[in-house]
Ligand SMILES: Cc1ncc(COP(=O)(O)O)c(C=O)c1O
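Numbering (the UniProt record's numbering), first residue to last: 1 to 395.
See below:
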């Protein structure tokens, strides 16, 4: 059989990141590669109790088809969380999605045609690149520094690409860099979105996991003219397995998202929504987020201390104030894959920087995750990684 694929399907079968995660799953390997939360903190007993209450009291509704916009109880939970993030809105502005990943995909379906310009941070979340590429996006990357996307570079990109439809950003504890956009730049970004009449897609999976610095307002809370679409998720503060996320936008847009979601999956898993709403009614999520934040901070400190102690001179890294990732830049290395190969020879896995760029990558970069590695494994893994970097730098 000769398969005739649509143009949305990648022509190549190479799944570089999938292959990395496969080798990183080998128990011999100390993996800093994935982006998984610490499973030991999942509230298994509390979820079991919540599921029991749902099935006892509301089982038939929870097992029935539901609304594409989401179960009312969960939408109320989402509104409460949004209020904590400074976004005061109502349920007409909110749609439950099957994880933020679906919100990204639906955004691609709604806004991207073949050749549509999408501005992204350089680097950015690699799976958003994959999604937007599958819809035919033309990427324009904007440089970042430790304060997030550079606004003069963004304005230049907007001037040079007047057909831009979307600016995709992860302003807080970004994946892959862990960097956070300053308040000044947030205000500027919203101003530029208005000036050039472009939509911003704000993706905020990590914002609640902060251990230092001040909370910063979301772009959505600064936006007065419906230029920002906001996406949140329970994946990093509760459970990624339940696949619960949300989109917040102008009700006119929510209507489009809901229609596109209907064609994608009718609605997000009702049982998962009921269980999450029940969990939030009976448990203090802030206590849980505090526990997650404390553990990730501990792991991050161990990782950063070891990186500063063992990595060769000249290697630099980001300094996250929260979230799950550290971004490392190795000078004089043309091919990031070499860093991955040398690390794997020593049974350590990282993700080389290349797939995080829409176009040309910055060589000698890689991402490290600390949330999923037990404290007693981190220093030794970093030490072996340091040897790998030295080997590549010396060639
Ligand atoms: C920046 C970013 N956006 C979206 C997602 C997808 O998250 P979800 O589990 O909510 O689909 C991730 C997952 O790691 C992410 O890092």
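Don't be surprised by glycine CBs; every beta carbon is placed ideally from N, CA and C.
Less than 7 Å between the beta carbons of residue i and residue j, yes or no?
{"i": "residue 325", "j": "residue 176", "result": "yes"}
{"i": "residue 94", "j": "residue 81", "result": "no"}
{"i": "residue 151", "j": "residue 121", "result": "no"}
{"i": "residue 336", "j": "residue 354", "result": "yes"}
{"i": "residue 258", "j": "residue 102", "result": "no"}
{"i": "residue 77", "j": "residue 277", "result": "yes"}
{"i": "residue 311", "j": "residue 388", "result": "no"}
{"i": "residue 470", "j": "residue 135", "result": "Nothing in the structure corresponds to residue 470, since the chain is present only between 1 and 395."}
{"i": "residue 441", "j": "residue 38", "result": "This structure leaves residue 441 out entirely; the chain is present only between 1 and 395."}
{"i": "residue 384", "j": "residue 348", "result": "yes"}
{"i": "residue 333", "j": "residue 317", "result": "no"}
{"i": "residue 164", "j": "residue 117", "result": "yes"}
{"i": "residue 119", "j": "residue 157", "result": "yes"}
{"i": "residue 260", "j": "residue 106", "result": "yes"}
{"i": "residue 108", "j": "residue 132", "result": "yes"}
{"i": "residue 245", "j": "residue 91", "result": "no"}
Specify the secondary structure class of residue i as computed by DSSP and reduced to three states.
{"i": "residue 87", "result": "coil"}
{"i": "residue 166", "result": "strand"}
{"i": "residue 33", "result": "coil"}
{"i": "residue 351", "result": "strand"}
{"i": "residue 367", "result": "strand"}
{"i": "residue 230", "result": "strand"}
{"i": "residue 57", "result": "helix"}
{"i": "residue 5", "result": "coil"}
{"i": "residue 151", "result": "helix"}
{"i": "residue 324", "result": "coil"}
{"i": "residue 199", "result": "strand"}
{"i": "residue 259", "result": "helix"}
{"i": "residue 119", "result": "strand"}
{"i": "residue 17", "result": "helix"}
{"i": "residue 179", "result": "coil"}
{"i": "residue 133", "result": "helix"}
{"i": "residue 384", "result": "helix"}
{"i": "residue 223", "result": "coil"}
{"i": "residue 47", "result": "helix"}
{"i": "residue 81", "result": "helix"}
Counting only the same chain and skipping the five closest in sequence on each side, list residues whose C-beta sits under 6 Å from that of residue i.
{"i": "residue 322", "result": "173, 209, 210, 211"}
{"i": "residue 207", "result": "172"}
{"i": "residue 17", "result": "355"}
{"i": "residue 446", "result": "This structure cannot speak to residue 446, because the chain is shown only from 1 to 395."}
{"i": "residue 381", "result": "30, 348"}
So which of the options has the shortest CA-CA distance to residue i?
{"i": "residue 242", "options": "366, 96, 34", "result": "96"}
{"i": "residue 148", "options": "25, 308, 181", "result": "181"}
{"i": "residue 231", "options": "237, 154, 244, 248", "result": "248"}
{"i": "residue 29", "options": "78, 386, 373, 395", "result": "373"}
{"i": "residue 110", "options": "364, 214, 229, 286", "result": "229"}
{"i": "residue 36", "options": "261, 378, 236, 391", "result": "236"}
{"i": "residue 309", "options": "187, 362, 379", "result": "379"}
{"i": "residue 98", "options": "267, 42, 193, 199", "result": "267"}
{"i": "residue 7", "options": "319, 204, 137", "result": "137"}
{"i": "residue 223", "options": "14, 244, 250", "result": "250"}
{"i": "residue 328", "options": "301, 339, 126, 365", "result": "365"}
{"i": "residue 298", "options": "72, 154, 376, 214", "result": "376"}
{"i": "residue 233", "options": "215, 214, 253, 203", "result": "203"}
{"i": "residue 395", "options": "342, 153, 361", "result": "342"}
{"i": "residue 290", "options": "41, 5, 3, 27", "result": "41"}
{"i": "residue 283", "options": "50, 27, 15, 11", "result": "50"}
{"i": "residue 124", "options": "357, 361, 90, 362", "result": "357"}
{"i": "residue 367", "options": "55, 26, 126, 83", "result": "126"}
Tell me which residues share the same chain as residue i and place their Cβ nearer than 8 Å to its Cβ, disregarding the 5 neighbours each side in the sequence.
{"i": "residue 61", "result": "270, 274"}
{"i": "residue 47", "result": "239, 275, 279"}
{"i": "residue 160", "result": "140"}
{"i": "residue 390", "result": "312"}
{"i": "residue 58", "result": "274"}
{"i": "residue 319", "result": "146, 178, 304"}
{"i": "residue 183", "result": "216, 217"}
{"i": "residue 67", "result": "267"}
Which residues in the same chain have their Cβ closer than 7 Å to the Cβ of residue i, if we skip the five residues on either side of it in sequence?
{"i": "residue 86", "result": "217, 218, 221"}
{"i": "residue 33", "result": "20, 21, 24, 349, 350, 351, 369"}
{"i": "residue 194", "result": "225, 227"}
{"i": "residue 53", "result": "278"}
{"i": "residue 265", "result": "98"}
Any beta carbon from chain C within less than 7 Å of residue i's own beta carbon?
{"i": "residue 143", "result": "Going by chain labels, chain C is absent from the structure shown, which holds only one protein chain."}
May I ask whether a heavy atom of ligand 3 can be found less than 6 Å away from the beta carbon of residue i?
{"i": "residue 123", "result": "No copy of ligand 3 appears in this structure; the ligands present are ligand 1."}
What residues sit near ligand 1, counting only those whose C-beta is closer than 7 Å to one of its heavy atoms, in chain order? 35, 99, 100, 101, 102, 104, 125, 127, 128, 170, 175, 203, 205, 233, 235, 240, 243, 245
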